[in-house]
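**Q** The UniProt record's numbering applies: residue 513 is where the sequence shown begins, and numbers increase by one. Note that CB positions come from ideal geometry on N, CA and C, so glycine has one too.
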Amino acid sequence: AKSEGRGTYRFFEAKMGVEVRERRLLEHDLRHAVARGEMQLVYQPQTDVGTGEVIGFEALLRWKHPERGYVSPAVFIPIAEESDAILQIGEWVLREACREAATWPQPLAVAVNVSAVQIHSPHLVGLVHEVLLKTGLAPYRLEVEVTETALISDPNRALLTLRQLKALGLRIAMDDFGTGYSSLSNLRSFPFDKIKIDGSFVRSVDSNEQTAAIVRSVLGLGRGLGLPVLAEGVETEAELGFLVAERCHEAQGYLMGRPSPIGEFAQYTHGTIPL
Ligand code: C2E
Ligand code: CA
Ligand code: CA
Ligand code: CA
513 AKSEGRGTYR FFEAKMGVEV RERRLLEHDL RHAVARGEMQ LVYQPQTDVG TGEVIGFEAL
573 LRWKHPERGY VSPAVFIPIA EESDAILQIG EWVLREACRE AATWPQPLAV AVNVSAVQIH
633 SPHLVGLVHE VLLKTGLAPY RLEVEVTETA LISDPNRALL TLRQLKALGL RIAMDDFGTG
693 YSSLSNLRSF PFDKIKIDGS FVRSVDSNEQ TAAIVRSVLG LGRGLGLPVL AEGVETEAEL
753 GFLVAERCHE AQGYLMGRPS PIGEFAQYTH GTIPL
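(1) What do you reckon, are the CB atoms on residue 476 and residue 558 nearer than 8 Å?
(2) Would the beta-carbon of residue 597 fall within 8 Å of that of residue 536?
(3) How would you label residue 738, buried or exposed, when you count the other beta carbons within 10 angstroms and need 16 or more for buried?
(4) Whose CA, out of 613, 585, 551, 703, lies closest to the CA of residue 604?
(5) Could you tell me the alpha carbon to alpha carbon distance between residue 545 and residue 610, rounded to whole angstroms?
(6) CB-CB under 7 Å to residue 573, same chain, minus the five flanking residues each way: which ones, in chain order?
(7) Would DSSP call residue 595 helix, strand or coil?
(8) Closer than 6 Å is what we want: which residues have a beta carbon that near any heavy atom of ligand 2? List them in chain order.
(9) With hydrogens ignored, establish whether the beta-carbon of residue 708 is closer than 7 Å to any heavy atom of ligand 3.
(10) Does the segment 669–682 come close enough to the segment 699–710 that 3 or more CB-CB pairs lie under 8 Å?
(11) Please report the straight-line C-alpha distance between residue 462 and residue 767, rounded to a whole angstrom.
(12) Name the two residues that bound the continuous alpha helix (DSSP H) containing residue 728.
(13) Taking residue 793 as the reference, which of 565, 622, 629 has the closest Cα?
(14) Within 10 angstroms of its Cβ, does residue 627 collect 16 or more other Cβ (buried), or is it exposed?
(15) Spell out the partners DSSP gives residue 665 in its beta bridges.
(16) Does ligand 3 have a heavy atom nearer than 7 Å to the CB of residue 758?
(17) I need the straight-line Cα distance from residue 560 to residue 623, nearest angstrom please.
(18) Between 616, 715, 721, 638, which has its C-alpha nearest residue 784's C-alpha?
(19) Starting from the N-terminal side, write out each stretch of the beta strand (DSSP E) that is 3 residues or longer and does not extend beyond the segment 553–641.
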């Protein structure tokens, strides 16, 4: 049994070695990915639950690695965050998303994910300001999505940054609500304009009473605080039906549209469907 134990240890050690090497390789390639044109944005519609209308799009990053093909952001964003490559990548995302959104019909909004490292960067506010001026995108059409986890390492600093961003006229959404280091006090401490309920709660909302109770109470929370709630990860008509019945404000998910190149949504972004 003892030798087996050691074998297991070696196995883990070897496996960890591969993972560390993998990480370093990806980290290295990430540094050049923007300059080499390997990054692209796809967009996922966000709809008004009451009317079914598209009200905006979330920009989601895709990395087409020359040898590996598409690498998931769930894999490379954490690596980019640890290596600070996220600052350069995040800047590209912001410029690209705002440049794109400025071409859409007036009320359509764009939601951009901003990571913890960006929130704590002293250059973020100036960058957003510059990008809004340069692209001519009306500030109220930009929404920044932040997770609570991005705020906790230095909450005072994060609060200052969020206030300065809001002073530019944009909106701030709390992403992934209900997961990670969720705390109700964050809703009070930070100036959010919207709550995004994580998809893990939305899935099975129609079949699981506990999940349904949680989503109902988040909707009540939103109503009490005067904050619209967006449900993420809506995949079925039954889930959407629940959200309609419970008067959830906004929804996003494969049911309404998968994240896709913006050209696939030309009927909205070129105004052929009245908003
Ligand atoms: P997120 O911000 O919570 O984005 C939602 C994720 O759920 C996206 O995964 C989206 O494709 C996926 N999704 C949307 N609808 C459905 C659905 O109906 N069912 C299921 N199962 N999934 C759905 P994606 O695009 O792989 O992105 C993963 C995460 O990577 C994002 O989670 C976000 O945290 C991060 N990310 C993506 N783009 C960026 C970016 O530009 N900057 C930063 N900092 N993070 C990003
Ligand atoms: Ca998001
Ligand atoms: Ca989310
Ligand atoms: Ca997430």
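**A** With the given structure in hand:
(1) Absent from the model: residue 476. The displayed extent of the chain is 513 to 787, so no value can be given.
(2) Taking the first residue of the sequence shown as position 1, residue 597 is located at position 85. Taking the first residue of the sequence shown as position 1, residue 536 is located at position 24. Remark: C-beta atoms of residue 597 and residue 536 do not approach each other more closely than 8 Å.
(3) Residue mapping note: residue 738 aligns to position 226 of the sequence shown, counting from 1. It counts as exposed.
(4) The residue labelled residue 604 in the question sits at position 92 within the sequence shown. When only C-alpha atoms are compared, the closest one is 551.
(5) Position 33 of the sequence shown, counted from the first residue, corresponds to residue 545. Position 98 of the sequence shown, counted from the first residue, corresponds to residue 610. In this model, residue 545 and residue 610 are separated by some 20 Å (Cα to Cα).
(6) In the sequence shown, counting from the first residue as 1, residue 573 sits at position 61. Around residue 573: 551, 553, 585, 605.
(7) For this step, residue 595 is matched to residue 83 along the sequence shown. Correct three-state label for residue 595: helix.
(8) Those satisfying the condition are, in chain order, 570, 625, 657, 687.
(9) For the purposes of this step, residue 708 is taken as residue 196 along the sequence shown, with counting starting at 1. Under cutoff, so the answer is yes.
(10) With a cut-off of 8 Å, the segment 669–682 and the segment 699–710 count as touching, because enough Cβ pairs lie within range.
(11) The first residue shown for the chain is 513 and the last is 787, placing residue 462 beyond what the model contains.
(12) Numbered from its first residue, the sequence shown carries residue 728 at position 216. First-last of the alpha helix (DSSP H) with residue 728: 721–737.
(13) Any answer about residue 793 is impossible in this case: the structure gives the chain only from 513 up to 787.
(14) Within the sequence shown, residue 627 is the residue found at index 115, counting from 1. The residue in question, residue 627, is buried, as its Cβ has 16 or more Cβ neighbours within 10 Å.
(15) Numbered from its first residue, the sequence shown carries residue 665 at position 153. Answer by DSSP bridge pairing: none, since residue 665 is not bridged.
(16) The count along the sequence shown starts at 1 and reaches residue 758 at position 246. No, the beta carbon of residue 758 sits no closer than 7 Å to any heavy atom of ligand 3.
(17) Indexing the sequence shown from 1 puts residue 560 at position 48. Indexing the sequence shown from 1 puts residue 623 at position 111. Cα-Cα distance, rounded: 15 Å.
(18) Along the sequence shown, one-based indexing puts residue 784 at 272. Of the candidates 616, 715, 721, 638, the one whose C-alpha sits nearest the C-alpha of residue 784 is 616.
(19) Segments of the beta strand (DSSP E) lying fully in the segment 553–641: 566–577, 581–583, 621–625.
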